[in-house]
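Numbering (full-length UniProt numbering), first residue to last: 37 to 713.
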Ligand code: AHR
């Protein structure tokens, strides 16, 4: 039995309650949202081999090879070192063609394939120069004679073919040509490639740049872009952007997560070198075992926020990195504080400021709206307990320059009482992170009911029910929904929250590429060609779309309980776990429209009748809208091959009144929309 009490006004629901969190993990951007199709486009992903690149030789009579040439490696000959374009583009790929028997070239395998779609135009570009080999130096007295090498003549000038083709090279999906000039200088070449209308979609394709003439060919910054969301240059995948838009997130927390911090102090998110033309972005190490191209740079994060109509929530590096190094508060931390102030200025300073002017020069004169800045990430891992001092140094500087900003502490009092910030002003907002299984979510769904209303507000900056991989299953969605109901019922205290991680490239390891993901249990899955939302994704959508502006106090009676299975820990400690509710509920109302949103979760595999009483309501329209997400088994899930197995359905119900009964489906999340005007 549920009673919704309209006689006393409930607390206001934070308008920022539901947002999203993002970072470069699981190939979220490179090989994910960021639409670039060429993997390892500046050849820095692996210093010892040109990862994702291979040699193409159509006929056996050719004699060719490919080789990385890194300007930064002092132990290689000058001739191999002198090909840097600038400080960012220091490694290039050399295609050496001694003899060409037909086509010879370089191929890129993309991020687990190149997506081919019918009637689609791709923008290809690359830096290229040709040359011949330098004769070996003359022997010096007393030095060994250098080995004799055939001198390769420079026949490179002329047409260069650019294709998107099947991996065996037999089918060409799109082709174009550029004309390589006879010049020793780097030049950027560009060409558009368009697929035919009858091409069948596939990701078993590669990108090839080829020649039929001997010589040395040097490549750098090789890029291939398909159409992007709103056709923004250097933009995002339309399907993934649309999925985010559909979640109606109020904010986007970026750039991490661990990705903000980096493994070492030198690996933090380098926002400055992620700005400007791609030519000036060297990329960086990343935090999840692969290099980041930084095509998704600070400005791109902000533009992405604009595209999905979400407010940026900026995480600034706070002098602590993942492998445990930190910089104590004081003079050594000062440059990092300055760096954060500059970063904030880039985001929200007007064009009269130094960094605001840079942003304007980068194409966005208008400042972005910024209200929330998070200082660091998960600083409870810092065993030296230096966060108190670091947080205060950052906070004081940020508040002095930008008093309108809200600074978020990454250490929550309730989670880490021994490490919480105690000196200085009490932090206004505390970030709590919860990664749990469904039982733990159900067990803790009421945790915020008991929080102190006079303390700091809560930002649940990362959370997820971790069941199913690589994307979560229905049971996880039931855990999520119960947890969100707990946040929603306490949406006066929990002012912001965001699920994590958001994205996963679902490819497993192949002969030429490693497994694409590092974190099991993610919200949205994709490969090069298609994407899908997990059941949890649809819960996010339902909760964010159907939300009132204040809480309707709701009480339940006769709520069925579930016996929680013993965990290994329970057995060791000889404990009997407490039973958990099997049904969860919360209601909110939009005062303007008069719509009441009653959310209910049934975690049982049987139907549950719920008697609803609307107490103190002057009017309720007898027909209501009901949205239900359900499945047959808790393990049910969505995937690339079955993207819509578990999705919400919407229907109308009649005979709604001050008292009515709704039978909840087994394993279901229900949103009832009642009209009261
Ligand atoms: O969301 C995955 C990781 O979990 C985040 O990078 C980190 O902040 C947390 O530990």
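Glycine included, C-beta positions come from ideal geometry on N, C-alpha and C.
Any non-hydrogen atom of the ligand AHR closer than 7 Å to residue i Cβ
i           : result
residue 695 : no
residue 469 : yes
residue 55  : no
residue 59  : yes
residue 499 : no
residue 555 : yes
residue 679 : no
residue 293 : yes
residue 413 : yes
residue 328 : no
residue 552 : no
residue 536 : yes
Which listed residue (the options) has its alpha carbon closest to that of residue i
i           : options               : result
residue 146 : 584, 625, 546 and 694 : 546
residue 62  : 331, 450, 309 and 543 : 543
residue 433 : 466, 371 and 447      : 371
residue 311 : 124, 235 and 672      : 124
residue 467 : 475, 474, 456 and 476 : 456
residue 700 : 680, 637, 658 and 650 : 637
residue 186 : 196, 133 and 154      : 133
residue 629 : 196, 304, 584 and 70  : 584
residue 366 : 423, 173 and 523      : 423
residue 487 : 231, 575, 525 and 313 : 525
residue 358 : 417, 255, 634 and 103 : 417
residue 259 : 119, 639 and 150      : 150
residue 539 : 508, 550, 601 and 515 : 508
residue 299 : 483, 148, 284 and 321 : 321
residue 200 : 485, 261, 337 and 340 : 261
residue 426 : 450, 398, 458 and 308 : 458
residue 404 : 587, 382 and 390      : 382
residue 440 : 450, 69, 490 and 406  : 406
Beta-carbon spacing of residue i, residue j below 8 Å
i           : j           : result
residue 623 : residue 257 : no
residue 666 : residue 613 : no
residue 59  : residue 291 : yes
residue 705 : residue 513 : yes
residue 531 : residue 560 : no
residue 162 : residue 127 : no
residue 136 : residue 247 : yes
residue 415 : residue 380 : no
residue 620 : residue 518 : yes
residue 498 : residue 444 : no
residue 334 : residue 355 : no
residue 157 : residue 237 : no
residue 160 : residue 229 : yes
residue 474 : residue 271 : no
residue 594 : residue 43  : no
residue 597 : residue 617 : yes
residue 684 : residue 510 : no
residue 506 : residue 674 : no
Own chain residues within Cβ distance below 6 Å of residue i, not counting five before or after
i           : result
residue 170 : 115
residue 175 : 181
residue 222 : 121, 163 and 165
residue 143 : 90, 92, 242 and 244
residue 520 : 579
residue 694 : 650
residue 324 : 61 and 554
residue 626 : 584 and 585
residue 214 : 196, 225 and 227
Beta-carbon proximity list for residue i, same chain, < 7 Å, skipping 5 on both sides
i           : result
residue 712 : 630, 632, 653, 655 and 656
residue 599 : 615
residue 95  : 137 and 138
residue 77  : 257, 258, 259 and 329
residue 5   : The question about residue 5 has no answer here: the residues shown for the chain are numbered 37 through 713.
residue 482 : 522
Same chain, Cβ closer than 8 Å to residue i, five either side skipped, listed in chain order
i           : result
residue 251 : 133, 166, 167, 168, 188, 189, 190, 191 and 192
residue 575 : 513, 516, 517, 520, 665 and 705
Uninterrupted beta strand (DSSP E) stretches inside the region 629-705 (no shorter than 3 residues): 631-638, 644-651, 660-666, 685-689 and 695-700
Whole alpha helix (DSSP H) elements within the region 569-634, 4-residue minimum: 571-581 and 604-609
Entirely enclosed alpha helix (DSSP H) segments - the region 392-464, minimum 4 residues: 423-437
Complete beta strand (DSSP E) runs within the region 215-288 (minimum length 3 residues, chain order): 223-230, 241-247 and 251-261
Continuous alpha helix (DSSP H) assignments of at least 4 residues falling wholly in the region 56-122: 114-117
Entirely enclosed beta strand (DSSP E) segments - the region 119-150, minimum 3 residues: Entirely contained in the region 119-150, the beta strand (DSSP E) runs reaching 3 residues are, in chain order, 127-135 and 140-144.
Entirely enclosed alpha helix (DSSP H) segments - the region 297-345, minimum 4 residues: Complete alpha helix (DSSP H) runs here, min 4: 334-343.
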